[in-house]
Amino acid sequence: MSGIDDLPPLRDVIAQHRLAAKKSLGQNFLLDLNLTAKIARMAGDLTQSDVLEIGPGPGGLTRGLLAEGARKVLAIEKDPRCMPALVEIGAAYPRRLEAIQGDALDVDPRAHLQSPIKVAANLPYNVGTELLVRWLTPPTWPPFWDSLTLMFQREVAQRIVATPGSKAYGRLALLAQWRTDARIVMELPPEAFSPPPKVNSAVVHLTALPAPRYPADADILNRVVAAAFNQRRKMLRSALKSVSPDIEGHLQTVGIAPTERAEQVGLEAFCALARSLART
Ligand code: SAM
0 MSGIDDLPPL RDVIAQHRLA AKKSLGQNFL LDLNLTAKIA RMAGDLTQSD VLEIGPGPGG
60 LTRGLLAEGA RKVLAIEKDP RCMPALVEIG AAYPRRLEAI QGDALDVDPR AHLQSPIKVA
120 ANLPYNVGTE LLVRWLTPPT WPPFWDSLTL MFQREVAQRI VATPGSKAYG RLALLAQWRT
180 DARIVMELPP EAFSPPPKVN SAVVHLTALP APRYPADADI LNRVVAAAFN QRRKMLRSAL
240 KSVSPDIEGH LQTVGIAPTE RAEQVGLEAF CALARSLART
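Residues 0 to 279 (numbering that gives the first Met the number 0) make up the sequence shown, in order.
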């Protein structure tokens, strides 16, 4: 018995199924079920939602999500060694866990889930940012999910919530803050994981806004922001040369000094620039 359910403690699960952590899969497991239940609570009331979890591993967070009342959890795990442990969790929570063995970058979860959908995950470091960018840039908005509750390396979490003028401010902050409310809700030291990673971690909670914070065409905004931050030390008039032959005119029209650098420019101004470019 482990405190939140009648299943064995995670150390026993890992020993029984021989789940020695693999670095190549970003395996740093959370073993404290009180902590995983706390992270599950950060996702909000789960009782009326389906939850998508990427990388359940031995199932610490999965058990937290189920114990906190998730209507259903869809867990996508790349490592086949973890599947027997997930089958045992499924037996303890009948009809509420579907575990798929596969790469989260290849599996489309939408056919397996019903709205409202929340995403909660202690993400593998090697695909975490790519998954986040995909979730933030669907073809249409609002997306299939209502909220994302995600563990990242702290440095990535800081990039998501960063504001202009800070070193961490860039494309990820703008992508996230354009269409979500994003905040860091928990910080964790390396010792919270087994094995401990080299860096600190943080949980970010992102709530999808019903519509983008400021109007702009998503493709144009992405293109402008990518070009601006690819050469973040350059003045915008040269960093954005490839975007329009009259970039200086557009910058002036929307009140951005052409000599500014990308990291000084806020989201609202980037959206105004994207709208000005869309008019040409
Ligand atoms: N959720 C577990 C926990 O909190 O203890 C494990 C988290 S561990 C940081 C990341 C998990 O993602 C590992 O179980 C790993 O095997 C899995 N993983 C790695 N790459 C993946 C991918 N592309 N698709 C799905 N799962 C992946």
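In this text, a Cβ means the ideal position worked out from N, Cα and C, and glycines have one as well.
Contact check between the segment 68 to 77 and the segment 142 to 157: fewer than three CB pairs, one atom from each, fall below 8 Å, which does not count as touching.
The beta carbons of residue 38 and residue 60 sit closer together than 8 Å. Burial state of residue 107 is exposed, judged by a 10 Å Cβ sphere holding fewer than 16 other Cβ atoms. Residue 165 sits in coil when the DSSP states are folded into three classes, being neither helix nor strand. Looking only at 231, 256, 234 and 213, the smallest Cα-Cα distance to residue 273 is reached by 213. Taking the CA atoms as reference points, residue 179 sits about 5 Å from residue 206.
A distance criterion of 7 Å places the beta-carbon of residue 28 in contact range of the ligand SAM, judged by its closest non-hydrogen atom. Residue side-chain check: residue 6 keeps its Cβ at 7 Å or more from all non-hydrogen atoms of the ligand SAM.
Excluding the 5 residues flanking it on each side, residue 167 has same chain C-beta neighbours closer than 6 Å at 157, 158 and 161, in chain order.
Across the set 53, 44 and 62, the C-alpha of 62 shows the shortest separation from the C-alpha of residue 30. In this structure, the beta-carbon distance from residue 151 to residue 224 does not fall below 8 Å.
By the Cβ criterion, the segment 190 to 205 is not in contact with the segment 219 to 234, since fewer than three pairs of Cβ atoms, one from each stretch, lie closer than 8 Å. Within the chosen limit of 7 Å, the ligand SAM reaches the beta carbon of residue 103 through at least one heavy atom.
The C-beta separation of residue 98 from residue 55 comes to about 7 Å, placing the pair in contact by the 8 Å criterion. Shown here for residue 109: same chain residues with a beta carbon closer than 7 Å to its own, the five before and five after excluded, namely 143 in chain order. The three-state secondary structure of residue 151, taken from DSSP, is strand.
Taking 8 Å as the cut-off, the Cβ atoms of residue 53 and residue 122 count as close. In terms of Cβ geometry, residue 101 and residue 77 form a close pair [threshold 8 Å].
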